[in-house]
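Engineer: Residue numbers (this note's numbering), protein chains in the order written: chain A, 425 to 790; chain B, 425 to 790; chain C, 425 to 790; chain D, 425 to 790.
This is the structure, below, for whatever I ask next.
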């Protein structure tokens with residue numbers, strides 16, 4: 425398999441560049457018979473669309489999805505599904521100037537060296553945040569698939585931005601409130617503070633990072649293929665594809681290293697005839713396999729590397745140190761727009777593993 | 425690909441069970457011409473061998489590696505390499521009793537349900553820590569390959585156990601001291617305290633977790649295949665295959681969420697004619713691609729789930745709650761034995777990506 | 425991997441339907457730095473375009489390729505390349521009538537059953553000959569890659585149509601003449617007879633089959649990954665994806681079963697300092713690995729299943745036997761249009777194996 | 425994926441060398457709950473065991489299978505199954521002499537060049553016919569799986585050897601008689617002539633080729649994943665891994681090129697409530713998908729390249745032409761021993777595709 429493909433049975437192939445003609449995705453392996461409309465995909469895309477507010481980047485893109493194949497008469501056909509959005513609001517001039525002065529914290533230098541200078545550098549090319557729109561399109565289809573066939577639900581939300589933490593809330597509250605504000609945080613009080621923190625750092629020409637939590641609800645028991653395709657393995661692989669992610673933890677996560685075994689093990693019990701655990705420090709996964717409890721994971725996002733403050737870099741031709749001021753339009757905080765992307769990538773992995781475990785049939789009956 | 429395979433070009437297939445005939449591994453894709461002896465593998469295996477001391481489990485296994493194929497006249501041939509160790513010191517009786525009462529924190533229940541009760545439950549079967557010996561055998565070959573061809577080195581070491589933290593040390597000190605003590609910690613003072621902490625909890629019938637840090641030195645620029653096979657993606661996928669890992673972070677990791685962009689970006693500079701970064705908060709990876717700086721990652725390990733304290737579980741036939749006391753021999757702390765396993769898995773990924781990026785040729789010339 | 429992907433390192437993903445919005449392809453794994461223009465692809469597409477003459481189908485499609493990604497400033501970037509052609513001249517009405525009466529020799533019935541009736545049946549959907557345009561687009565890029573980097577050349581041509589056989593000709597003559605006539609046969613006398621045979625059967629409402637031979641010239645020694653990814657294995661896998669292929673043979677092929685060992689073995693010799701074989705009954709492949717001699721293979725194509733003569737089929741609702749007359753526009757012989765498609769698929773496999781064997785670097789230097 | 429792996433969900437990884445310690449195989453992806461004993465595998469191995477008679481090679485190997493993993497209490501566990509046979513009757517001296525004079529018709533030269541001389545040349549190493557024992561072991565498990573769950577049956581048999589053709593027989597006769605004689609031919613009269621032909625050529629120091637036919641009975645409708653993983657594609661890929669195969673055809677095969685459409689199409693009809701075709705020129709596959717009719721394919725085998733007659737080759741050091749007389753023990757005809765190997769490889773592909781199409785569940789219920 426090559427670098428731009430993800431998944432074994434719900435295969436996602438992402439293509440396109442930030443300032444090229446389009447960004448798109450092909451999904452191969454989606455079963456026949458899933459009701460699917462453009463609206464199913466558009467709804468998700470709209471959640472990350474730039475240009476919505478002061479909080480996010482000012483680049484404006486309509487980002488209207490087109491479905492090129494694999495759907496017929498409102499249902500998936502079992503053939504590959506190609507979906508894309510065209511690039512329209514493109515101004516590559518600021519990038520022209522920076523070509524020889526790689527931006528700190530960005531992939532400019534590594535991409536240049538890996539591809540011998542042939543990479544499309546305009547707007548970050550393949551390394552632009554815009555590529556996550558292709559993750560969202562695939563994720564929208566995966567979400568529909570796992571919800572329609574298994575009732576699974578994926579919810580992500582900001583729990584920390586710029587050092588401001590949200591308080592814990594019930595799943596229902598999270599479901600209802602997470603998209604009600606620009607920072608995608610269900611704790612509305614914290615959301616307001618996060619927004620102010622972002623605006624404050626933006627005014628200083630700086631940026632902030634944060635933490636996104638994600639849960640999967642109604643997970644069937646038995647997903648995950650040990651030993652190398654455990655759920656944790658495949659979820660982390662997919663999620664580290666999102667730019668700016670620097671860490672991931674499941675359940676108790678890094679806290680586990682400070683607990684004793686007697687505190688960390690989740691006791692088994694029975695509830696309504698089903699085996700459950702009384703706590704969920706495992707985050708819904710034991711031995712790499714889902715145990716029926718909600719899957720819980722957290723992702724650390726670094727602050728947007730594009731800032732207006734001057735930074736030290738070098739000129740690729742002269743190898744002299746230069747001061748760089750990154751021009752253009754940028755999110756002062758990636759986290760809010762990453763939230764639906766996290767949901768999408770998690771949904772892709774859950775769809776893939778549901779198919780691998782035989783939980784979703786090759787044809788979805790009407 | 426199936427669940428027991430890892431890698432694209434340096435393919436690792438793990439097989440065997442804890443109390444079956446053997447645990448073994450086949451590597452397909454190792455280039456021809458690599459000098460390889462049984463000692464290269466035995467040395468690594470010896471680093472995780474149980475029964476060495478009070479600190480680790482009392483099961484005694486000689487764990488003598490056998491090379492069944494793929495090596496001829498002291499060199500790899502380009503054909504698949506099969507290596508295995510036979511199981512000898514096996515007593516399955518304690519597990520017989522626990523069959524219907526899944527151990528909290530273990531894969532007993534999920535394995536039982538996923539495989540319809542057909543799984544080999546003796547000693548945890550495929551979910552035993554003993555399976556990591558197969559990771560080590562593959563890792564030993566990968567280590568040899570990347571060191572011999574590219575001079576790459578992988579070093580892992582405990583930095584926290586049972587809440588006791590080691591201080592930061594130079595790479596040279598770490599290389600020299602990490603295997604000098606039973607807890608695999610280069611800070612000898614902390615090592616002593618960690619050991620005492622482990623003994624203390626063992627005496628109470630409990631267990632502790634910890635954190636392992638791993639660095640890769642002398643990494644060529646350009647490893648990693650965006651967007652879905654980034655180095656972070658493939659390293660995390662491989663490392664979550666190690667039982668008890670609950671979190672991973674690269675470079676600044678979860679700390680990134682509390683920094684500003686101006687603090688988090690690594691400024692570029694030039695040193696001895698090569699582009700470097702003045703700090704390494706990125707952990708050696710930008711845009712999913714190695715930037716030539718050391719790769720730095722940390723893993724959180726939960727405490728050993730097998731403890732002597734009574735725990736709540738249920739009986740699978742009656743679904744009644746029962747108290748379980750886990751018998752048998754167990755590590756009070758997994759971390760020390762996990763250290764060489766982490767090195768092995770990281771080496772496998774680095775070997776795979778070095779091959780994918782064309783940094784290692786298909787034939788290694790004498 | 426899923427059903428619509430081919431190749432390990434030069435990955436081809438085909439999408440689209442005959443009467444949907446487009447047919448397209450994504451290639452992932454093409455090295456950076458290959459000069460590539462739309463003309464490179466258009467030239468190949470034009471060789472199979474329908475509507476050129478009486479001999480082929482009358483459906484008219486402009487088939488103008490669009491390059492959506494992966495090429496920048498005239499060179500490949502190392503990112504996925506998406507190419508597609510839009511569907512324009514589409515009339516789905518004849519297929520509407522036949523929906524419940526599967527056409528003998530076609531995939532109507534098997535596609536209906538495999539996909540539970542959700543498949544796009546218009547114009548054969550994914551099973552239309554039009555899908556081979558996606559093979560051609562991928563093949564055009566593969567051809568350019570292996571010619572530009574290794575000087576490899578792929579030539580296919582008709583050697584038998586409707587029972588009329590061409591005589592053997594030199595590679596040079598074949599290169600020059602194979603596309604000079606509508607039946608893609610380098611023996612011009614035979615070509616004329618083949619054409620007349622096709623017209624004769626067309627006038628009777630019938631169709632004919634034939635044999636295509638393909639050679640690969642200037643093949644480097646050492647391509648092919650034993651034991652399961654031998655060159656023969658991967659070439660045959662790719663070529664059986666072309667609709668209507670019912671047999672393949674390499675070198676002496678089915679004739680081998682009637683020879684003695686002493687007649688069949690190719691003696692080794694030396695020519696201009698290089699090891700060669702004096703004959704080429706092996707078809708350029710020994711032990712699954714290229715030996716530097718031209719690769720030679722032949723494919724048997726069945727006659728076009730769409731004929732105007734009445735045929736027996738059944739009605740899917742009533743399960744009663746009915747007589748079917750297939751309406752619409754169809755090739756009376758698939759072979760001529762298949763010729764460039766064979767070249768394309770062979771080129772894809774040669775590109776994939778050249779990359780796997782390390783014969784093509786990850787960056788093509790200017 | 426690497427060269428020594430086959431299949432997507434029923435993954436076969438072959439390892440070992442002719443004169444190394446063993447030849448073996450790991451299968452990953454076999455569902456849990458399949459009853460499996462060593463006898464199931466031994467029975468198949470015995471069908472190709474050398475040393476049985478004058479007709480086949482005189483090397484004697486007991487070839488007693490050992491099951492190292494994946495089977496517990498008589499059932500598969502869902503974990504990888506490792507099976508191997510140890511090499512015992514090994515005399516590598518004759519090969520020592522031939523190291524620098526590659527045998528015509530063998531992989532000696534291509535293997536030497538591909539692996540830079542590091543390949544294990546003893547007895548042909550990875551290119552020995554003995555490697556097909558690993559295909560048989562995998563095939564035995566696949567056969568059991570598809571018969572136990574779906575009632576599918578795979579039967580192969582010689583239909584031509586040294587120019588002597590068998591007559592067509594009923595499936596029942598073939599099932600009963602094909603293994604009743606040393607040439608694996610169900611037409612007993614022809615079998616006798618084939619045997620005499622082989623002995624005659626053996627006495628002259630020569631060898632003969634032949635044709636094997638294979639049928640799969642009770643195939644469920646809907647196996648095969650278009651467009652690139654059609655049944656024909658994956659069967660041919662697997663079968664070209666068998667040494668000496670030079671051609672494959674399905675159903676009417678190469679004969680298709682001489683038929684008209686009206687003669688070649690199989691008319692649909694209904695029999696006992698099921699859709700069938702009145703003829704089976706398609707060989708059970710339409711559009712790459714099984715149509716429920718028996719799958720029928722034929723393979724051309726070249727004569728054994730190892731003959732006692734002197735042959736022309738070159739010396740690798742001096743590049744001078746030399747006469748070579750191949751010493752050692754060799755089959756004068758590969759075909760009889762290839763027959764069970766063909767069955768095994770076909771079974772592996774049918775198992776893989778049955779899993780891919782969801783026809784075999786992940787757990788086989790008692």
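Ideal Cβ positions, reconstructed from N, Cα and C, are used throughout, including at glycine.
What residues from chain D crowd round residue 772/B, counting only those whose CB sits closer than 7 Å?
Structural biologist: Residues of chain D passing the Cβ test: none, with the nearest at roughly 14 Å.
Engineer: Write down every uninterrupted run of the alpha helix (DSSP H) in the region 599-678 of chain B whose length is 4 residues or greater and which is fully enclosed by it, in chain order.
Structural biologist: Here the runs fully enclosed are 612-627, 655-663.
Engineer: Tell me which same chain residues have a C-beta within less than 8 Å of the C-beta of residue 476/C, skipping the five on either side of it?
Structural biologist: At residue 476/C, the pLDDT of 40 sits below 50, so the modelled position is not reliable; the number obtained from the coordinates is stated separately. Once the five neighbours on either side are set aside, the close Cβ partners of residue 476/C are 606.
Engineer: In whole angstroms, give me the CA-to-CA distance for residue 594/C and residue 577/C.
Structural biologist: If I take the Cα positions, the gap works out to 15 Å.
Engineer: Going along the chain, which residues of its own chain have a beta-carbon closer than 7 Å to the beta-carbon of residue 461/D, five neighbours each way excluded?
Structural biologist: Within the same chain, residue 461/D has close Cβ partners 498.
Engineer: Using the beta-carbon of each residue, which ones in chain C are nearer than 7 Å to residue 781/B?
Structural biologist: Result: 786.
Engineer: In chain C, what lies closer than 8 Å to residue 602/A by C-beta?
Structural biologist: Simply none; closest approach about 32 Å.
Engineer: If you draw a straight line from the C-alpha of residue 784/A to the C-alpha of residue 720/B, how long is it?
Structural biologist: One C-alpha to the other measures close to 39 Å.
Engineer: Could you name the residues that DSSP lists as bridge partners for residue 429/C?
Structural biologist: 437/C.
Engineer: Using only the alpha-carbon positions, how far apart do residue 435/A and residue 779/A sit?
Structural biologist: Those two C-alpha atoms are separated by around 11 Å.
Engineer: Is residue 727/B buried or exposed, if buried means 16 or more other CB atoms sit within 10 Å of its CB?
Structural biologist: Classification for residue 727/B: buried.
Engineer: Any residues in the region 689-701 of chain C with a beta carbon nearer than 8 Å to a beta carbon of chain D? Which ones, in chain order?
Structural biologist: From the region 689-701 of chain C, only 689, 690, 691, 692, 693, 694, 697, 699, 701 have a Cβ closer than 8 Å to chain D.
Engineer: Is residue 563/D buried or exposed, if buried means 16 or more other CB atoms sit within 10 Å of its CB?
Structural biologist: Label assigned to residue 563/D: buried.
Engineer: Can you tell which of 467/D, 583/D, 454/D has its C-alpha closest to the C-alpha of residue 566/D?
Structural biologist: Comparing Cα positions, the closest option is 454/D.
Engineer: According to DSSP, is residue 507/A part of a helix, a strand, or is it coil?
Structural biologist: Strand, per DSSP.
Engineer: By the 7 Å beta-carbon criterion, what residues does the region 534-565 of chain B contribute toward chain A?
Structural biologist: Listed in sequence order: 534, 535, 537, 538, 550, 551, 555.
Engineer: For residue 691/D and residue 486/C, I'd like the C-alpha separation in whole angstroms.
Structural biologist: Approximately 35 Å, taken between the alpha carbons.
Engineer: Starting from residue 568/A and walking both ways along the alpha helix (DSSP H), at which residues does that stretch end?
Structural biologist: Where residue 568/A is concerned, the enclosing alpha helix (DSSP H) stretches over 556-574.
Engineer: Could you check where the alpha helix (DSSP H) with residue 761/A kicks off and where it finishes?
Structural biologist: Residue 761/A -> alpha helix (DSSP H) spans 759-780.
Engineer: Is it buried or exposed for residue 843/C, if we count other Cβ within 10 angstroms and need 16 for buried?
Structural biologist: Outside the displayed span of chain C (425 to 790) sits residue 843/C, for which this structure offers no information.
Engineer: Report all residues from its chain with a CB closer than 6 Å to the CB of residue 602/A; omit the five preceding and five following residues, and keep chain order.
Structural biologist: Only 581, 608, 610 meet the Cβ criterion.
Engineer: Closer than 8 Å, CB to CB, is residue 476/C near chain D or not?
Structural biologist: For residue 476/C, the predicted model reports a pLDDT of 40, less than 50, meaning its position is unreliable; a value from the coordinates is still stated below. Residue 476/C does not count as touching chain D.
Engineer: Taking 8 Å as the cut-off, does the region 749-769 of chain D touch the region 644-651 of chain D (at least 3 CB pairs, one atom from each stretch)?
Structural biologist: They do not touch, by the three-pair rule.
Engineer: Determine the direct distance from the alpha carbon of residue 684/C to that of residue 673/D, and round the result to whole angstroms.
Structural biologist: C-alpha separation (whole angstroms): 22 Å.
Engineer: So what does DSSP say about residue 476/C, is it helix, strand or coil?
Structural biologist: The predicted model places residue 476/C with a pLDDT of 40, which falls under 50 and marks its position as unreliable; any figure quoted below should be read in that light. Three-state DSSP puts residue 476/C in coil, outside helix and strand.
Engineer: Please return the same chain residues whose Cβ sits closer than 7 Å to the Cβ of residue 781/C, not counting the five positions on each side in sequence.
Structural biologist: So the qualifying residues of the chain are 646, 647.
Engineer: Are there 16 or more other CB atoms within 10 angstroms of the CB of residue 509/D, so buried, or fewer, so exposed?
Structural biologist: Label assigned to residue 509/D: buried.
Engineer: Using the rule of at least 16 other Cβ atoms within 10 Å of the residue's Cβ for burial, across every protein chain shown, is residue 787/B buried or exposed?
Structural biologist: With 16 or more other Cβ atoms within 10 Å, it is buried.
Engineer: Any C-beta of chain B sitting closer than 8 Å to the C-beta of residue 531/A?
Structural biologist: Chain B, which has a Cβ nearer than 8 Å to the Cβ of residue 531/A, makes this yes.
Engineer: Determine whether the Cβ of residue 649/C lies closer than 8 Å to any Cβ atom of chain E.
Structural biologist: Absent from the structure: chain E. Protein chains present are A, B, C and D.
Engineer: Rounded to whole angstroms, what is the Cα-Cα separation between residue 656/A and residue 671/B?
Structural biologist: So the two alpha carbons sit approximately 9 Å from each other.
Engineer: For the alpha helix (DSSP H) that residue 535/A lies in, which residues bound it at each end?
Structural biologist: First-last of the alpha helix (DSSP H) with residue 535/A: 532-538.
Engineer: Quick check: the Cα distance between residue 541/A and residue 613/A, rounded to an integer number of angstroms?
Structural biologist: Roughly 47 Å between the two C-alpha positions.
Engineer: What did DSSP end up calling residue 726/A once you bin it into helix, strand or coil?
Structural biologist: Residue 726/A: coil per DSSP, three-state reduction.
Engineer: Just confirm the distance between the C-beta atoms of residue 741/D and residue 599/D, as a whole number of angstroms; I'd bet it's less than 8 Å.
Structural biologist: Wrong, their Cβ atoms sit about 53 Å apart, outside the cutoff.
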